[in-house]
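What follows is one structure encoded as structure tokens, with my remarks underneath.
In my numbering, the protein residues as written are 143 to 258.
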């Protein structure tokens with residue numbers, strides 16, 4: 143059974159930084175493209191960053207230059223370094239395969255709130 147556990151969220155002021163972590167079990171992430179997604183209130187879940195098995199990264203336009211996705215296949219973990227945070231980055235952040243495994247694979251997410 144796949145389990146994805148996100149952590150590292152919190153409340154920060156605009157311009158601040160956070161680092162999210164995702165611990166995976168039941169799946170070996172080294173074989174897959176992994177992604178970070180977010181869902182803001184009243185909006186659909188969106189993919190903000192992904193990283194292939196070989197380390198190639200892609201970012202949504204809204205986070206390019208501010209967020210950095212990385213992975214540690216030995217630890218079976220994925221990370222998202224978020225810098226220069228904006229109020230529009232406020233959302234619940236999730237990790238999953240890109241594309242997502244299935245509807246049951248989503249974890250509880252990690253809340254990020256950016257507010258002054």
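Think of the CB as a built atom: it goes at the ideal place given N, C-alpha and C, for glycine as much as any other residue.
Item to check | Whole-angstrom distance between residue 143 and residue 203, CA atom to CA atom | outcome: 33 Å
Next on the checklist: With H, G and I counted as helix, E and B as strand and the rest as coil, what does DSSP make of residue 211?
Outcome noted: strand
Checklist entry - With residue 195 and residue 174 assumed to form a contact (beta carbons below 8 Å), what rounded beta-carbon distance in angstroms separates them? => result 6 Å
Checklist entry - Is the region 143-157 close to the region 199-215, with three or more CB pairs under 8 Å? => result no
Item to check | chain D within 8 Å of residue 193, Cβ atoms only | outcome: Reference to chain D is not applicable here, since this structure consists of a single protein chain.
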